[in-house]
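Here is the structure we will look at, set down as structure tokens.
Residue numbers (the numbering used here): 3 to 112.
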């Protein structure tokens, strides 16, 4: 990424390509670039986007499961990192869902 700084050295503009204004290269993982990008929206918008991302991950996971159930894709068709992430999420969800099988008010097992 290429940036433009103001007089005090703060990032004020970003471009994917070098331009007349943005000539200084910084890696995309640069802390100052990340800070500049995160300031692009207010905290409420950033929080809403993060919540939306988390909900959308669940939707994608459900879509993948439906496709596998219908035989459109198989688990082994997915790249290894995707397989690992799906297995990890399934394990976490099973652990989370197994907690609280007994009600605080009832002595019955559900």
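Ideal placement from N, C-alpha and C gives every residue a C-beta, glycine not left out. From a predicted model like this one, the values you see are computed outputs, not experimental measurements.
Pairwise C-alpha distance: residue j and residue i
i, j, result
"residue 65", "residue 19", "36 Å"
"residue 112", "residue 100", "Model confidence at residue 112 stands at a pLDDT of 47, short of 50, so the residue's coordinates are unreliable; what they give is reported in the following sentence. Their Cα atoms are separated by approximately 11 Å."
"residue 79", "residue 9", "52 Å"
"residue 17", "residue 29", "12 Å"
"residue 53", "residue 90", "20 Å"
"residue 2", "residue 11", "The shown model of the chain, from 3 to 112, leaves out residue 2, and the question about it has no answer."
"residue 56", "residue 75", "24 Å"
"residue 50", "residue 60", "16 Å"
"residue 2", "residue 21", "Nothing about residue 2 can be reported from this structure: the residues present for the chain run from 3 to 112 only."
Exposure of residue i, with buried meaning 16 or more beta-carbon neighbours within 10 Å
i, result
"residue 31", "exposed"
"residue 97", "exposed"
Close-in-space but distant-in-sequence residues of the same chain around residue i (CB under 7 Å, 5 per side omitted)
i, result
"residue 13", "5, 7, 34, 35, 38"
"residue 25", "4"
"residue 69", "75"
Under 9 Å between C-beta atoms of residue i and residue j
i, j, result
"residue 86", "residue 77", "no"
Proximal residues to residue i (C-beta, below 8 Å), its chain only, five neighbours per side dropped
i, result
"residue 88", "63, 66, 77, 80"
"residue 108", "Residue confidence for residue 108 is low, a pLDDT of 48 falling below 50, so the modelled location carries little weight and cannot support an answer."
"residue 15", "5, 6, 23, 24"
Own chain partners of residue i with C-beta closer than 6 Å, once the 5 adjacent residues on each side are dropped
i, result
"residue 27", "4"
Cβ of residue i within 9 Å of any chain C Cβ
i, result
"residue 81", "Considering every chain present, this structure includes no chain C. It has just one protein chain."
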